[in-house]
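Peer 1: Structure incoming, see below.
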């Protein structure tokens, strides 16, 4: 079995966008539930064992807030930085 990175030296950021002001973008109600469940799994010692303090969850963040958090966690991570995004994706 492949060994996972050291959770004590790693960080994770879970970002979810599930409601939108643009009427062309459908709401994604499962996103909020998925963030909570993924956070539980990442902290589970039988999965990865990431300390709760090494995990950040951003639900409905503004763009700058998400980018700031990525930068902060990238500075803290000495091994792996996991960034997970769930939501619509499109380019302007």
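Residue numbers (my numbering): 1310 to 1401.
All residues carry an ideal CB built from backbone N, CA and C; glycine is no exception.
(1) Which residue marks the beginning of the alpha helix (DSSP H) containing residue 1395, and which one marks its end?
(2) If we ignore side chains and look at the alpha-carbon of each, how far apart do residue 1380 and residue 1394 end up?
(3) Please classify residue 1366: does DSSP put it in a helix, a strand, or coil?
(4) How close, in whole Å, do the beta carbons of residue 1388 and residue 1319 come, if the pair is a contact with beta carbons under 8 Å?
(5) By alpha-carbon positions, which one of 1322, 1338, 1370 ends up nearest to residue 1347?
Peer 2: The structure says:
(1) Note, residue 1395: premise wrong, no alpha helix (DSSP H); beta strand (DSSP E) at 1390–1395.
(2) Between residue 1380 and residue 1394, the C-alpha separation is close to 15 Å.
(3) If DSSP states are grouped into helix, strand and coil, residue 1366 belongs with the strands.
(4) The Cβ separation is near 5 Å, so the contact holds.
(5) Answer by Cα proximity: 1322.
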